[in-house]
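Below is one structure, written out as structure tokens; the observations come after it.
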Amino acid sequence: MPVNLKLILGWSEAWALIIPVTVLLYKKKQPDYLKPVVVYTWLALVLNIFQDTIANLKLVLHFPHWLQTNNYVYNVHSIVRFACFSLFFLGLNQPFFKNIKRIIPIFFYLFVVINFTFFEAFFRFSPLSSRLLTTEAYLLLVYCILYYLYRINYDDEPKIRSPHFWVVTGLSFYVAVGFFIFLFQNTLVKQLEHFAISIWRVHDVAYIIFCILLAMAFAEAGKKQPFVQHAITSIH
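Residue 279 is where the sequence shown ends in my numbering, and the numbering goes up by one at each step.
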């Protein structure tokens with residue numbers, strides 16, 4: 044891989060979020076149901092700058108031992124991402140499998156407690172928590188599938204350009220790609236380290252696309268305020 048491309052992708056989880064953040068600076072008024080996504084965007088920017096700085100500059104800046112890994116930042120990011128997007132899906136108020144949507148966060152947080160109490164150390168040096176990231180990706184994908192099923196079966200005039208559609212499309216693409224990368228990441232790191240690094244670049248590209256679609260959602264929502272908030276909840 045060319046050095047310039049490697050450098051660009053190495054920092055991509057940080058700079059990709061500048062795209063939706065820039066849109067938010069110009070389109071400050073967002074509908075209520077997008078507020079969890081807005082919160083995620085700002086929190087993710089801070090977390091990703093931190094984790095990319097550790098990954099790319101730890102040897103240059105001679106960080107202390109506890110800053111030689113960013114795995115715990117990925118753990119925090121995973122929990123934050125799930126919390127924000129589960130609130131987003133619940134905020135859409137789609138009358139479709141409501142109880143399942145409410146149970147999913149309980150299952151996830153219970154899993155987090157059990158996993159990091161008995162099976163993995165939250166602040167372990169390496170490798171990434173494949174179990175956490177895979178579970179998060181799977182459950183968010185379930186939310187995305189339920190969203191699409193509702194739109195297909197109950198929405199008489201589905202609006203492809205609606206802000207929530209762009210959010211879910213970006214998220215579903217990211218977690219669908221990420222699921223398989225997260226699932227096999229630890230095994231690949233142990234057996235084929237260079238290949239694992241190359242595969243992670245696919246994750247970086249998927250995250251860039253995700254951020255672009257978030258920017259499209261914020262831009263579209265900024266045009267439609269204040270009418271979009273209840274547009275998706277009128278069908279029962």
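Each residue gets a CB set at the ideal place from its N, CA and C atoms; glycine is no exception.
Being a predicted model, the structure only gives us computed values, none of them experimental.
Quiz item: Would you report the Cα separation of F151 and T178, rounded to the nearest angstrom?
Solution: Roughly 8 Å separates the two Cα atoms.
Self-check item: 8 Å contact criterion, which L133 and K144 should meet: CB distance rounded
Solution: Confirmed, about 6 Å.
Quiz prompt | Minimum C-alpha distance to E56 - residue among F168, L226, Y217, T230 | solution = Checking every option, the nearest Cα to that of E56 belongs to Y217.
Quiz prompt | Pairwise C-alpha distance: A249 and I242 | solution = The straight-line gap from Cα to Cα measures roughly 11 Å.
Quiz item: With C-beta atoms as the reference, is F253 less than 8 Å away from L189?
Solution: Going by C-beta atoms, F253 is not nearer than 8 Å to L189.
Exercise. Give me the Cα-Cα distance between K78 and I147, rounded to the nearest whole angstrom.
Key: Straight-line Cα distance between these residues: approximately 20 Å.
Quiz item: Is the distance from the Cβ of N158 to the Cβ of L175 below 8 Å?
Solution: With respect to the 8 Å criterion, N158 and L175 are classified as neighbours on the basis of their beta carbons.
Quiz item: In or out: N47 buried (at least 16 other Cβ within 10 Å) or exposed?
Solution: Taking all protein chains shown into account, N47 has fewer than 16 neighbouring C-beta atoms within 10 Å of its C-beta and is therefore exposed.
Self-check item: Contact set for F165: own chain, Cβ-Cβ below 7 Å, skip 5 residues either direction
Solution: Non-local beta-carbon contacts of F165 in its own chain, meaning distances under 7 Å to residues more than five positions away in sequence, involve Y115, N118, F159 in chain order.
Quiz item: What residues in its chain sit with their C-beta under 6 Å from that of S121, if we drop five residues either side in the sequence?
Solution: Shown here for S121: same chain residues with a beta carbon closer than 6 Å to its own, the five before and five after excluded, namely L175, L176, E179 in chain order.
Exercise. Take L86 and list the residues in its own chain whose beta-carbon comes closer than 6 Å to its own, dropping the five residues that flank it on each side.
Key: Closer than 6 Å at the Cβ level, and outside the excluded window around L86, lie V123.
Quiz prompt | Through-space distance from N99 to L50, alpha-carbon basis | solution = Between L50 and N99, the alpha-carbon positions lie close to 9 Å from each other.
Quiz prompt | Span of the alpha helix (DSSP H), counted from its first residue to its last, around Y76 | solution = Segment: none, Y76 is in no alpha helix (DSSP H) and carries neither H nor E.
Self-check item: Y76 and H246 closer than 8 Å at C-beta
Solution: Not in contact: Y76 and H246 (Cβ atoms no closer than 8 Å).
Self-check item: Residue burial classification, F161 (beta-carbon count within 10 angstroms, cutoff 16)
Solution: Counting the other Cβ atoms within 10 Å of the Cβ of F161 gives fewer than 16, which makes it exposed.
Practice problem: Counting only the same chain and skipping the five closest in sequence on each side, list residues whose C-beta sits under 6 Å from that of V81. | Solution: Around V81: Q73.
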